[in-house]
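Participant: Residue numbers (the numbering used here): 123 to 483.
1. Considering only residues of the same chain and omitting the five flanking positions on each side of residue 414, which have a CB-CB separation below 6 angstroms?
2. Under the three-state reduction of DSSP, which class applies to residue 373: helix, strand or coil?
3. Would you verify that the beta carbon of residue 263 is, or is not, closer than 8 angstroms to some beta carbon of chain D?
4. Are residue 387 and residue 398 touching if we call contact CB-CB under 8 angstroms?
5. Identify every run of the beta strand (DSSP E) within the stretch 212-243, keeping only runs that are complete inside it and at least 3 residues long; order them along the chain.
6. For residue 360 versus residue 376, is the C-beta spacing smaller than 8 angstroms?
7. Since residue 267 is in the beta strand (DSSP E), which residue starts that stretch and which ends it?
8. Would you kindly work out how many angstroms separate the C-alpha atoms of residue 392 and residue 186, rounded to a whole number?
9. For residue 330, which of 440, 448 and 206 has the nearest alpha-carbon?
10. Nearest by alpha-carbon distance to residue 341: which of 373, 299, 271 and 290 is it?
11. In whole angstroms, what separates the C-alpha of residue 303 from that of residue 354?
12. Bridge partners of residue 197, per DSSP?
13. Less than 8 angstroms separating the beta-carbons of residue 313 and residue 459?
14. Start and end of the alpha helix (DSSP H) containing residue 446?
15. By how many angstroms is the C-alpha of residue 301 removed from the C-alpha of residue 464?
16. When you compare each of 384, 200 and 443 to residue 233 by their alpha carbons, which one comes out closest?
17. At a cut of 8 angstroms, does the stretch 254-272 reach the stretch 433-444 through at least three beta carbon pairs?
18. What separation, rounded to the nearest whole angstrom, lies between the Cα atoms of residue 394 and residue 249?
19. What does DSSP give as the partner residue(s) for residue 406 in the beta ladder?
20. Of the choices 385, 472 and 411, whose alpha-carbon is the least far from that of residue 450?
21. Taking all protein chains shown into account, do 16 or more other C-beta atoms lie within 10 angstroms of the C-beta of residue 350, making it buried, or fewer, making it exposed?
22. Tell me which residue opens and which closes the beta strand (DSSP E) that residue 134 is part of.
23. Please return the same chain residues whose Cβ sits closer than 8 angstroms to the Cβ of residue 224, not counting the five positions on each side in sequence.
24. Can you tell me which of the three DSSP states residue 256 falls into?
25. Flag this pair as yes or no: are the beta carbons of residue 365 and residue 280 separated by less than 8 angstroms?
26. Reducing DSSP to helix, strand and coil, say where residue 273 ends up.
27. Count the other C-beta atoms from every protein chain shown that fall within 10 angstroms of the C-beta of residue 154, then say buried if there are 16 or more, exposed otherwise.
28. Residue 426 by DSSP, collapsed to three states: which one?
29. When the Cα of residue 430 is compared with those of 135, 420, 422 and 462, which residue comes out closest?
30. Would you call the CB atoms of residue 183 and residue 160 closer than 8 angstroms?
31. From this set, 215, 147, 151 and 189, which residue's C-alpha is nearest residue 178's C-alpha?
32. Measure the Cβ-Cβ separation of residue 357 and residue 339 and say whether it is below 8 angstroms.
33. Quick check on this structure: which residue in 191, 221, 427 and 296 has the alpha carbon closest to the alpha carbon of residue 149?
34. Taking the alpha-carbon positions, what's the residue 490 to residue 362 distance?
35. To which residues does DSSP link residue 280 through a beta bridge?
Take a look at the structure:
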């Protein structure tokens, strides 16, 4: 794999740093040689995120990283997903330095770095590339909705949530891995820039696509995933929440594009306000019951498992919540980072195993 450093100044382990966190936890496309965040330099990325060292160090700056690693990474990845997709001002200097060294820069922000005159000028001199992965394809390449997913002979399960930045992608990957370990072929479809950067073979940056085509583009990727891999199960990464007032396209588009057989619902029991200008707007989190009712009405598909984001919780509190949810909602519940996704995978096999034996090989 090609090498990459991840720029996450001031945000690693926090909400905006979810791209860096995702790459530190799982990267099938790049070998991550380090994270750049001077506020937690010297720490192990895995230890900071999950209490488990993973050998990826955090450095103060790019030069320190190169000195420690002993080589220049081929890429510098912008490791934040900011509200509105704007580039933080503090990132300009390290990005310029990377380009001057000839290091290619990859960004998943809405603010396209290749359109920035300063960055473009530096890159043209050094020969470095600037890759904006959140750019929409040309209009003549966009695909419209064709209502195809409902006829696919495989099980389609989106991971929806009660908020943005709540762990839907992490859970989706974990469920895919757990199913494959059980010899049930499963495929992941990404709907955001982080999943694509992690190496998803299928997917789109959903919020980069204009409204007329967003459902069709995702549907086409789900169909492509089936026609290429012939999986028994396709797990689709969720975005936002059906109830989120600021992110109205994501979950609705995912439901329409996937024609789901079931839904996994991700929730953070201790989160008080939604992830959207919390200090200004104080948008309250919905209850699980409220989100499940919206899913029932809109998706017309059952919630088959509840997965937990343990933000602000002790392990004992998580265990108690899991027991409470399983008793109250009669579906399996787990925290995939603490306890794995095997329980969810087993439930998928229990519910849909008969269909596996009567579809594709």
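Cβ atoms here follow ideal geometry from the backbone N, Cα and C, with glycine treated the same way.
Facilitator: In short:
1. Excluding its 5 nearest sequence neighbours in each direction, residue 414 has C-beta neighbours in its own chain below 6 angstroms: 425, listed in chain order.
2. For residue 373, the three-state secondary structure derived from DSSP is helix.
3. Judged by its chain identifiers, the structure shown contains no chain D, having just a single protein chain.
4. No; because the gap between Cβ atoms is not below 8 angstroms, this pair is not in contact.
5. Qualifying beta strand (DSSP E) stretches, in chain order: 226-229.
6. Yes, these two residues count as a Cβ contact at 8 angstroms.
7. Counting along the chain, residue 267 sits inside no beta strand (DSSP E), nor does DSSP assign it H or E at all.
8. When only Cα atoms are considered, residue 392 and residue 186 end up about 37 angstroms apart.
9. Comparing alpha carbon positions, the residue from 440, 448 and 206 closest to residue 330 is 206.
10. Checking every option, the nearest Cα to that of residue 341 belongs to 271.
11. Rounded to whole angstroms, residue 303 to residue 354 spans 13 angstroms at the Cα level.
12. Answer is 126 and 226.
13. In this structure, residue 459 does not lie closer than 8 angstroms to residue 313 by Cβ.
14. Unbroken alpha helix (DSSP H) run through residue 446: 437-451.
15. One Cα belongs to residue 464, the other to residue 301, and the distance between them is close to 8 angstroms.
16. The candidate whose alpha carbon is nearest that of residue 233 is 200.
17. Per the Cβ contact rule, the stretch 254-272 is not in contact with the stretch 433-444 (fewer than 3 Cβ pairs under 8 angstroms).
18. Rounded to whole angstroms, residue 394 to residue 249 spans 47 angstroms at the Cα level.
19. According to DSSP, residue 406 bridges with 395.
20. The residue from 385, 472 and 411 with its alpha-carbon nearest to that of residue 450 is 411.
21. Flag for residue 350 reads exposed.
22. Residue 134 -> no beta strand (DSSP E), and no H or E assigned at all.
23. Closer than 8 angstroms at Cβ, skipping near neighbours: 194, 248, 249 and 250.
24. Secondary structure of residue 256 (DSSP, three-state): coil.
25. Their beta carbons are not under 8 angstroms apart, which means residue 365 does not touch residue 280 by this criterion.
26. In the three-state DSSP reduction, residue 273 falls in the helix class (H, G or I).
27. Residue 154 is buried by the Cβ-count criterion.
28. Looking at residue 426 - three-state DSSP - the assignment turns out to be strand.
29. Ranking 135, 420, 422 and 462 by Cα distance to residue 430 puts 462 first.
30. Result yes, Cβ atoms of residue 183 and residue 160 sit closer than 8 angstroms.
31. 147 is the residue among 215, 147, 151 and 189 whose C-alpha sits nearest the C-alpha of residue 178.
32. With a cutoff of 8 angstroms on beta-carbon distance, residue 357 and residue 339 are scored as not near each other.
33. Ranking 191, 221, 427 and 296 by Cα distance to residue 149 puts 296 first.
34. In this structure the chain extends from 123 to 483, so residue 490 is not present and cannot be described.
35. Residue 280 is bridged to 358.
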